[in-house]
Structure formats: C-alpha cells, structure tokens
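There are 2 protein chains.
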Amino acid sequence: MSKPLILVSNDDGITSHGIRVLVEVMAEIGEVVVVAPDSPQSGMGHAITIGEPLRLYKTRLFKDLDVISYKCSGTPADCVKLAKHHVLKDRTPDLVVSGVNHGSNLAVSVLYSGTMSAAIEGAIEGFPAIGFSLSDFAQDADFSHTRDYIKHISQQVLEHGLGKGIALNVNFPPKQNEKIKGIKICRQANAHWEEEFDHRKDPYGRPYFWLAGNFVNNDKGEDSDVWAVDHNYVAVVPCQYDLTAHHAIARINEEWDF
Amino acid sequence: MSKPLILVSNDDGITSHGIRVLVEVMAEIGEVVVVAPDSPQSGMGHAITIGEPLRLYKTRLFKDLDVISYKCSGTPADCVKLAKHHVLKDRTPDLVVSGVNHGSNLAVSVLYSGTMSAAIEGAIEGFPAIGFSLSDFAQDADFSHTRDYIKHISQQVLEHGLGKGIALNVNFPPKQNEKIKGIKICRQANAHWEEEFDHRKDPYGRPYFWLAGNFVNNDKGEDSDVWAVDHNYVAVVPCQYDLTAHHAIARINEEWDF
C-alpha cells in the first residue's frame, strides 16, 4: 500500500516549533507536503486574501525529513487553497493537518482560530482534516506529550475517515507531571472571552488599544472541550461549517410579519 | 419609549457606500453609533487583531445624520469588541447591524465574510445582530431596493428579538427591473467556491498568485439562501456559532479505537 499523502499547514508560521513537531510525526506515517504562512497569522479566523496577490516560495526547512515545503504570504485558508490548486494539483491529499498551535483553540475560539481555518478549509475542499492545538502559548512550549496522540488520532482518521465536511478540532492540555488521561470526543463548550482593552498613549500622545481579556466558562457540562482539557484529557471536537441555526427557522416563520 | 440604540459596522470600510445606506436607514428607527474599519476588510472572516495595537478615531462622516462615528484600524470583529467595551461602555445596544456589503455572502461564504463576523461577534456578545449584503460587487451598486427591507427586518428583530447567540445573514438580490418577490427564511446552501489561481510574474520576474474562482451550487433545495437570491427573494438565514458536528460524536465514539 502506498503511503498516504498528508498536507500540513498552521497559523503560527512555518518557522514555529509546533509545525516542526507536526511535520516530524506526519513524516512517520505518510508522504508530507507543507504549505504554511511565512509569518504568524494567529487570530486570522477564516480570512482569505482577495485584495492582494499571494506569494509562494519553496523552503528547505524540512529537508532533513525529506519533506517538501512552501512558505506563503497568505492566511492559513489561503495556504490550503494554494496547496490544492497549485502545489498538489492533480494529487488528492488523504489528510490535511494544521498546527500544532501554540495556544488552545477551545469553545468559540474555533471561529477566531487560523489553525482551525486551515482544517475547516480542508473539510470544505472535501478532505479529512484535523487541527491540533496545545494549551500553552509559550514559543518554546513542550510538545513531547502530544506526539503519540497526534499520530494515533491521525491514523484513526486515515483508517475510519471523517464524515463529509467534518474537521476535527483537537486540543491538548499543557505538559504536566501527571500523564494525559486519554481522549474525549467532545462538543464545543459554551464559553467565551470577556474582553478588556488596554488603553495606552504612543510616544506622540496618540491613543491606541491592546485587545486583552479572560476566558470565561459558564458551561457546567462534562462533555465539553474545555472540561476535557481542564481535566487533562485530549479534547476532540468534530466540527462542521453549516452555521444555520436550523431550530430558529420555524420560529421566525411563525413570529415575523412579512 | 426611548429610541433603540443601534451599533453599525461593516467590512468594506467606513467610507463605502453600503454603510452609508445602512446608517441612513438605521437613523430613521434609532440612535445610531458607527464603529467601522478605516480600510476595506473583505474576506477577513472572523479575524481579530491580537499581534498589534488598535487605533480608534472619531470621524465626522455621518454628522449630517446626527450620528456619532469612529473609524478603527482593526477587523470588523475588533470594531464590535471595541464598540462594546470602549465606545458604548455601560450602554447596551438593542441591535448590532453590519453592512450593507458590496457583494453577496451566501452559503459557506458566511465563514469568510467580514460582514457576518461583525454580526456573529454581536451575537457572541449577547446582542441581536444582523449582517446585510447585496449581490452586487460594484462600488457604485444600487441599494435603493434594499432600504425598505432593511428597515422592516430590523424592526422585526427589535420587536421579536432573536434567540440567544443567533445572528441573521440577510442577502439581497441585485437591483432588477422586477420588484423583489418577498422574504424567505432560509438555510445556508451547500454551495462552495471552485478556486482558480491566476499565476503571474511581477516586473522583477518573481511569481505571484491571484485567488479567483467560481461559485458552484450543487444544492437542489428550494429552501436555501442561494435559491432565494437567485429567484429574486431576500434571503434571511439565522446563524449560530456552535461548529460542533453533534451527529458525528456518537459515530466516532463507536468506531475509534482509543
């Protein structure tokens, strides 16, 4: 059997430590092609680049692993699109993976996450896709406890497939003394960010703002991604991209005057 | 009864014609505050600005309407966050509206849409929210047929509310000879973009790519947003931000070995 073809991207940029970890693990199970942003794209959500052209250059960053790689001036979603249409051309990836993100993408953060936008873009294009994130923002975060799980989850997806239009959002707890307890298949928690803006003045006296804030979880369920990571499990949320609030259609049809 | 407080944003930027139309209509039904990007943000999806500070300046663009307005260096989602936390402070908007976008935001485009990210950010913050888009990309598009519908839909939302965490995605057909047939409450069509990349060389011989493509609708349903706009109806899709593929959880729990 030929090796599966695996496309790797991320949102922290092609030089981050997290994507190196992901490429190393994927190189153990398949033929890997990397197309990733040439600079950090955190918080880019599902942005695409339509107002300006994209650059794409080959790199030698993963030559030691015999992995071909490209850096792209665009967003994570752009990378997956360019990979499909230009880099891979007539070849179809068996798996699209994104990450490993430096920082969690739990609950509603999936909407803001560049990591997950690459995975969801993969799902939109019709490929099984996974986004991996570690609940540790440090540049030099310890990913050692994630490697076996990344490999296992990827192999499960290659073996069983994912339903049409589904991408997995996988979040790892930070490295702790206690071993990870296992994998939980979860739903997105009903948690949110309570923003604060740090209001400052620049050296010229002009005001500016830093977005900051705290993550607040009011969701008491033990089946959510936040609960799982808080309790030292790997959280796996199957995601889809139909945002329709189907349950609201009947109510609006009943209540509205139109 | 006091006038409702209405927050207006968009993604084409505060100087676009579409936001002018929206502010004019909203000024007829409430007290309006505008916080919108200082430059075009199309395709920004649910991006937020976390790597650099935000600028926010008062403008006089809507002074003729007695409307206070601010231009912001960030994304549409940033604008809504800054509006809530800095501009409006202790006041709670009764409605958040975004648009009117120059160009449709149908089917999966809701994910890439800056217009809808402002509305969905409103819903996340707990406010009734609506994104309006016109299926006409022209800078000087004719919005005249949308005004009465924008007012009516906004008044329906102010009267009936929306369920918690729901934002409406409203798309108008382009101005045609035939009058709009009415409003349809729809689901997001299962349509997608088939991208093509236009591969060019710059004057220095270096390659670059333009993202382009065609919108392809394979969804035969007559209850979708694409069908409605194609048949000269106003499409109203209630959207929510839980991306969990709930139906997939049981299957993965059954099939996977973990």
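Chains as they are written, first to last, in UniProt numbering: chain A, 1 to 258; chain B, 1 to 258. Just so it is clear, CB atoms sit at the ideal spot from N, CA and C, and this is done for glycine as well. Here the structure is a predicted model, which is why all the values come from computation and not from measurement.
7 Å Cβ shell around F62(A) - same chain, five flanking residues per side excluded: On the first sequence, position 62 is the one that residue 62(A) refers to. Same-chain partners within the cutoff: V23, V34 and S69.
CA nearest to the CA of C239(A), picked from K151(A), G163(A) and D12(A): For the purposes of this step, residue 239(A) is identified with residue 239 of the first sequence, where counting begins at 1. Per the Cα distances, G163(A).
Start and end residues, beta strand (DSSP E) containing T59(A): Residue 59(A) sits at position 59 when you count from the first residue of the first sequence. Its beta strand (DSSP E) spans residues L56 to T59.
Touching by the beta-carbon criterion (3+ pairs, under 8 Å), the region 95–107 of chain B and the region 136–143 of chain B: yes
Anticipated Cβ contact below 8 Å, H46(A) with L111(B), distance rounded: Reading the first sequence from its first residue, position 46 is the one you call residue 46(A). Reading the second sequence from its first residue, position 111 is the one you call residue 111(B). Contact holds; Cβ gap of about 4 Å.
Beta-carbon gap between K84(B) and E31(B) smaller than 7 Å: Start at 1 with the first residue of the second sequence, and residue 84(B) comes out as number 84. Start at 1 with the first residue of the second sequence, and residue 31(B) comes out as number 31. Not closer than 7 Å, so no.
Secondary structure of I185(B), DSSP reduced to three states: The residue given as residue 185(B) occupies position 185 in the second sequence. Reduced to three states, the DSSP call for I185(B) is strand.
CB contact check: H145(A) to chain B, cutoff 7 Å: Within the first sequence, residue 145(A) is the residue found at index 145, counting from 1. Cβ-Cβ to chain B under 7 Å: no for H145(A).
One or two residues paired with G131(A) in a DSSP bridge: Locating residue 131(A) in the first sequence gives position 131, where the first residue counts as 1. G131(A) pairs with S98(A) and N169(A).
Whole-angstrom distance between I180(B) and L7(B), CA atom to CA atom: Looking up residue 7(B) in the second sequence gives position 7. Looking up residue 180(B) in the second sequence gives position 180. When rounded, the distance between both Cα atoms is 27 Å.
Beta carbon of V234(B) nearer than 7 Å to that of L106(B): Residue mapping note: residue 234(B) aligns to position 234 of the second sequence, counting from 1. Residue mapping note: residue 106(B) aligns to position 106 of the second sequence, counting from 1. No, the Cβ-Cβ distance between V234(B) and L106(B) is not below 7 Å.
Status (buried if at least 16 other CB within 10 Å, exposed otherwise) for D66(A): On the first sequence, position 66 is the one that residue 66(A) refers to. It is exposed - the Cβ of D66(A) has fewer than 16 other Cβ atoms within 10 Å.
Inside the region 4–89 of chain A only - alpha helix (DSSP H) runs reaching at least 4 residues: 17–29 and 76–82
Pairwise C-alpha distance: W210(B) and Y131(A): Here residue 131(A) refers to the residue found at position 131 when the first sequence is read from its first residue. Here residue 210(B) refers to the residue found at position 210 when the second sequence is read from its first residue. Reading the sequence as shown, one finds Gly at residue 131(A) and not Tyr. For G131(A) and W210(B), the distance between alpha carbons rounds to 26 Å.
Cβ-based neighbour list, Y208(B), same chain, cut-off 7 Å, excluding 5 preceding and 5 following: For this step, residue 208(B) is matched to residue 208 along the second sequence. Contacts found: R200 and D202.
Reference T49(A), options P76(A), I29(A), K71(A) and R206(A), closest by Cα: Numbered from 1 along the first sequence, position 49 holds the residue referred to as residue 49(A). For the residues P76(A), I29(A), K71(A) and R206(A), the minimum Cα distance to T49(A) belongs to P76(A).
Spatial neighbours of I185(B) in its chain, beta-carbon cut-off 6 Å, leaving aside the 5 residues before and after: The sequence position of residue 185(B) within the second sequence is 185, counting from 1. Once the five neighbours on either side are set aside, the close Cβ partners of I185(B) are V236.
Beta-carbon separation (whole angstroms), M26(A) vs V97(A), contact threshold 8 Å: Stepping through the first sequence from its first residue, residue 26(A) is reached at position 26. Stepping through the first sequence from its first residue, residue 97(A) is reached at position 97. Indeed they touch by this definition, with Cβ atoms about 6 Å apart.
Continuous alpha helix (DSSP H) stretch holding R251(A): start and end: By 1-based counting over the first sequence, the position of residue 251(A) is 251. First-last of the alpha helix (DSSP H) with R251(A): H246 to E255.
Residue-level contact to chain B via CB, Q240(A), 7 Å cutoff: The residue you call residue 240(A) lines up with position 240 of the first sequence. By this cut-off, Q240(A) is an interface position.
Inter-residue spacing [alpha-carbon to alpha-carbon] between D242(A) and N171(A): Walking along the first sequence from the start, residue 242(A) turns up at place 242. Walking along the first sequence from the start, residue 171(A) turns up at place 171. So the two alpha carbons sit approximately 22 Å from each other.
Contact under 7 Å by Cβ, G161(B) with W193(B): In the second sequence, residue 161(B) corresponds to position 161, counting from 1. In the second sequence, residue 193(B) corresponds to position 193, counting from 1. No, they are not a contact pair.
S42(B) to D11(A) span [Cα, whole Å]: The residue you call residue 42(B) lines up with position 42 of the second sequence. The residue you call residue 11(A) lines up with position 11 of the first sequence. Their Cα atoms are separated by approximately 19 Å.
7 Å Cβ cutoff met for D148(A) and N190(A): Counted from its first residue, the first sequence places residue 148(A) at position 148. Counted from its first residue, the first sequence places residue 190(A) at position 190. For D148(A) and N190(A), no; Cβs fall outside 7 Å.
Simplified DSSP state of Y208(B), which is helix, strand or coil: Here residue 208(B) refers to the residue found at position 208 of the second sequence. Note: Y208(B) maps to strand in three-state DSSP.
is_contact[H86(A), chain B] using C-beta, thresh 7 Å: Along the first sequence, read from residue 1 onward, the residue named residue 86(A) stands at position 86. Taking Cβ atoms only, chain B reaches closer than 7 Å to H86(A), which makes this a yes.
Chain A contact for W227(B) (CB, 7 Å cutoff): Start at 1 with the first residue of the second sequence, and residue 227(B) comes out as number 227. Taking Cβ atoms only, chain A never reaches closer than 7 Å to W227(B), which makes this a no.
Members of the region 29–56 of chain B that neighbour chain A once the beta carbon cut-off is set at 7 Å: P40, S42, G43, M44, G45, H46, A47, I48, T49, I50, G51, P53, L54, R55 and L56
Straight-line Cα distance separating V108(A) from A167(B): The count along the second sequence starts at 1 and reaches residue 167(B) at position 167. The count along the first sequence starts at 1 and reaches residue 108(A) at position 108. Answer to the nearest angstrom: the Cα atoms are 15 Å apart.
Enclosing alpha helix (DSSP H) for H160(A) [first to last residue]: On the first sequence, residue 160(A) is found 160 positions in, with the first residue counted as 1. Taken as a continuous stretch (DSSP letters only), the alpha helix (DSSP H) holding H160(A) covers R147 to H160.
Residues, ordered as in the chain, of the region 184–196 of chain A that lie near chain B by beta-carbon distance below 9 Å: I185, C186, R187, Q188, N190, H192, W193, E195 and E196
Residue-chain proximity (Q155(A), chain B), Cβ-Cβ < 7 Å: By one-based count along the first sequence, residue 155(A) stands at place 155. Closer than 7 Å: no.
Under 7 Å between C-beta atoms of R251(B) and S224(B): The count along the second sequence starts at 1 and reaches residue 251(B) at position 251. The count along the second sequence starts at 1 and reaches residue 224(B) at position 224. No, Cβ-Cβ distance for R251(B) and S224(B) is not below 7 Å.
Within 7 Å, strictly: CB atoms of S73(B) and R55(B): Within the second sequence, numbered from 1, the residue matching residue 73(B) stands at position 73. Within the second sequence, numbered from 1, the residue matching residue 55(B) stands at position 55. Cβ distance < 7 Å, so S73(B) and R55(B) count as in contact.
Minimum Cβ-Cβ distance from V25(B) to chain A less than 7 Å: Stepping through the second sequence from its first residue, residue 25(B) is reached at position 25. No, because no Cβ of chain A sits closer than 7 Å to the Cβ of V25(B).
Test: F258(B) CB closer than 7 Å to a CB of chain A: The sequence position of residue 258(B) within the second sequence is 258, counting from 1. Interface residue, yes.
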